[in-house]
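Notes follow once the structure below has been shown.
2 protein chains.
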Amino acid sequence: MADGYVQANLVILPEADAADFLAYCRANPKPCPLLGVGRPGDVSLDAVAKDLDIRTDLPGYRIFRDGVSTDRVSDITPYWRDDLVTFALGCSFSFEHALLDAGLPVRHIELGRNVPMFRTTIPTVPRGSFTGPLVVTMRPYRPADAIAAILLSERYPLAHGAPVHMAFPEAIGISDLGNPDYGDPVPVEPGEIPVFWACGVTPQAALEQAALPFAITHDPGHMLITDIANTRIVGVDQLEV
Amino acid sequence: MADGYVQANLVILPEADAADFLAYCRANPKPCPLLGVGRPGDVSLDAVAKDLDIRTDLPGYRIFRDGVSTDRVSDITPYWRDDLVTFALGCSFSFEHALLDAGLPVRHIELGRNVPMFRTTIPTVPRGSFTGPLVVTMRPYRPADAIAAILLSERYPLAHGAPVHMAFPEAIGISDLGNPDYGDPVPVEPGEIPVFWACGVTPQAALEQAALPFAITHDPGHMLITDIANTRIVGVDQLEV
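So the sequences go chain by chain: A and B.
Sequence positions in the first sequence follow this note's numbering and run 1 to 241.
Sequence positions in the second sequence follow this note's numbering and run 1001 to 1241.
Following this line, the structure appears as structure tokens:
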């Protein structure tokens, strides 16, 4: 969808919880790269898209009450409140686009699957009620391609940047690459290295774990598509937020 | 020696062979990063050092005749000719300095050994009579440090840049990490990845293999120390040569 444009994970929280979540994102920039933060009650987010109405412009949302997903909807206008703050967080689509452009294959895309994701034993830096493990995605590469993928993804800090780990899954608490915690498994062929990047599910897991009275996120795979070209975020670690 | 300044491998050839060697270096920039090339007969090399006399300012030289090292000397004035061309090629000391500064340990330095070097099955791009295998150095790192070392060394293209391979030595023809072709072995501990960088011995091996009637190199470990600060070559892939 909208090839070449930055896509974002969405988190919407009451102002009472927003400061802690902002601090959590700033303390964990690899899994939680901040593309934009709204003002309380504001349904636009000029930093990432013009003429945005955050209540209707995503194809799907999830409503959380006390940390439990209670509804999946395509319009959050009935849920909107004047104290809600919108967070747009970078996702890996931008660097996957760059990998493909560079001739570096992305296994789960080749197979038409969702990327495999794993909860690790690497803790995130807690802030307020937000805490939890780092969640990572895995993409297998032959060594020279792994090196190229590391160098390329480093240029996209707003899309999780360079990998956090590789080669030894068990060292970060992953016992079975064939059994991801989220997404679909993909094979790691002989001669390939599993390479692990920080994942945008990390803040979602922290959010669920915080069991806030009220929160809204995008429905997985139903991203906020921004007006920002992928090429504009090369080497950029902060937009005008 | 002269901590913080770029050190260089030295190759001196008759003008008749210099054009092919220059082409070989340009075709294989990772093992043969060009810091400076002299004019025929010129004993200075302003691009890399002021007041240089290339005949006397290195602590040791090797003289080659028909591809065989016949003499080791500390002054090449008796061998100098008006048709000799000087090449200064970058070496890994610059990025090793940066690795240590960044808190990334370098195993062979910790152990007081020479870096282990291996001839690989990766061919270099031949030019004229210059050809041969890529020679690599090996430094072991835990995964997160390996990623950091890859990113850091990429910033030093004149010191061999990012690694060319990692993790699977046998994939590039290295059957025993404990038995390097040059230098000393170092242990790879459990949980560490062997990481392989292009090595300045590559052009030396090509030179020996070409069996030129006459050539001079530095004596291994007896480098040309330049006036160029390591910090000046960050992100630079060509000096004023």
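In this text, a Cβ means the ideal position worked out from N, Cα and C, and glycines have one as well.
- Query: Which residues in the same chain have their Cβ closer than 6 Å to the Cβ of A:P40, if we skip the five residues on either side of it in sequence?
  - Reply: The count along the first sequence starts at 1 and reaches residue 40 of chain A at position 40. Cβ contact annotation for A:P40 (same chain, cutoff 6 Å, sequence separation greater than five): E15, D83, V85, in chain order.
- Message: Against chain A, does B:G1191 count as a neighbour if the rule is that its beta carbon must be under 8 Å from one of theirs?
- Response: As a working mapping, residue 1191 of chain B is identified with position 191 in the second sequence. For B:G1191, the answer is yes, since a Cβ of chain A falls inside 8 Å of its Cβ.
- Over the uninterrupted beta strand (DSSP E) stretch that includes B:I1076, give me the two end residues. For the purposes of this step, residue 1076 of chain B is taken as residue 76 along the second sequence, with counting starting at 1. Taken as a continuous stretch (DSSP letters only), B:I1076 belongs to no beta strand (DSSP E), as it is neither H nor E.
- Message: For B:L1151, would you say it is in contact with chain A, using Cβ-to-Cβ distances shorter than 8 Å as the test?
- Response: Residue numbering aside, residue 1151 of chain B sits at position 151 when the second sequence is read from its first letter. Cβ-Cβ to chain A under 8 Å: yes for B:L1151.
- Item | Interface residues of chain A facing B:H1165 [CB-CB closer than 8 Å] | Indexing the second sequence from 1 puts residue 1165 of chain B at position 165. By Cβ distance, chain A contributes P143, A144, I147.
- Task: Helix, strand or coil for A:V125, going by three-state DSSP, please let me know.
- Result: Mapped onto the first sequence, residue 125 of chain A falls at position 125. The answer is coil: DSSP assigns A:V125 none of H, G, I, E or B.
- Task: Using the Cα positions of B:V1241 and A:G235, report the straight-line distance between them to the nearest angstrom.
- Result: To locate residue 1241 of chain B, count along the second sequence from 1; it is residue 241. To locate residue 235 of chain A, count along the first sequence from 1; it is residue 235. Unreliable positioning characterises B:V1241 in this predicted model, as indicated by a pLDDT of 45, which lies under 50. The coordinate reading is nonetheless provided below. Each residue's alpha carbon lies about 29 Å from the other.
- Query: Looking at A:Y24 and A:I216, is the spacing between their C-beta atoms short of 8 Å?
  - Reply: Counted from its first residue, the first sequence places residue 216 of chain A at position 216. Counted from its first residue, the first sequence places residue 24 of chain A at position 24. No; because the gap between Cβ atoms is not below 8 Å, this pair is not in contact.
- Item | Ordered list of beta strand (DSSP E) runs contained in the stretch 1026 to 1077 of chain B, each at least 3 residues | 1034 to 1037, 1061 to 1065, 1068 to 1073
- Item | Close Cβ partners of B:Y1005 (< 8 Å) along its chain, the five nearest in sequence each way excluded | Position 5 of the second sequence holds residue 1005 of chain B. Cβ neighbours of B:Y1005 beyond the five flanking positions: I1225, T1226, D1227, I1228, A1229, N1230.
- Exposed or buried, which one is B:N1028 when buried takes at least 16 other CB atoms within 10 Å? Position 28 of the second sequence, counted from the start, is the residue given in the question as residue 1028 of chain B. For B:N1028, the number of other beta carbons within 10 angstroms of its own is at least 16, and it is reported as buried.
- Pairwise C-alpha distance: B:D1053 and B:A1205: Walking along the second sequence from the start, residue 1205 of chain B turns up at place 205. Walking along the second sequence from the start, residue 1053 of chain B turns up at place 53. If I take the Cα positions, the gap works out to 25 Å.
- Message: Is A:A171 close to chain B? Criterion is C-beta to C-beta, closer than 8 Å.
- Response: In the first sequence, the residue the question calls residue 171 of chain A occupies position 171. Judged by the 8 Å Cβ criterion, A:A171 is in contact with chain B.
- Task: From the DSSP output, read off the bridge partner residues of A:Q7.
- Result: As a first step, residue 7 of chain A is located in the first sequence; it is residue number 7 there, counting from the start. Per DSSP, A:I225.
- Between A:E110 and chain B, is there a C-beta pair that is closer than 8 Å? The residue labelled residue 110 of chain A in the question sits at position 110 within the first sequence. No, its Cβ sits nowhere closer than 8 Å to a Cβ of chain B.
- Item | Residues sharing a beta bridge with B:H1218, DSSP | Counted from its first residue, the second sequence places residue 1218 of chain B at position 218. The partner list for B:H1218 (beta bridge, DSSP) reads B:Y1061.
- Task: Give me the Cα-Cα distance between A:I12 and A:V186, rounded to the nearest whole angstrom.
- Result: Numbered from 1 along the first sequence, position 12 holds the residue referred to as residue 12 of chain A. Numbered from 1 along the first sequence, position 186 holds the residue referred to as residue 186 of chain A. Their backbone Cα atoms lie some 32 Å apart in a straight line.
- Whole angstroms is fine: what's the gap from A:L134's alpha carbon to B:G1173's? Within the first sequence, the letter at position 134 stands for residue 134 of chain A. Within the second sequence, the letter at position 173 stands for residue 1173 of chain B. In a straight line, the C-alpha of A:L134 is about 37 Å away from that of B:G1173.
- Item | Neighbourhood of A:D184 by C-beta distance below 7 Å, restricted to the same chain and skipping five residues each side | Start at 1 with the first residue of the first sequence, and residue 184 of chain A comes out as number 184. Only H108, R113, N114, P116 meet the Cβ criterion.
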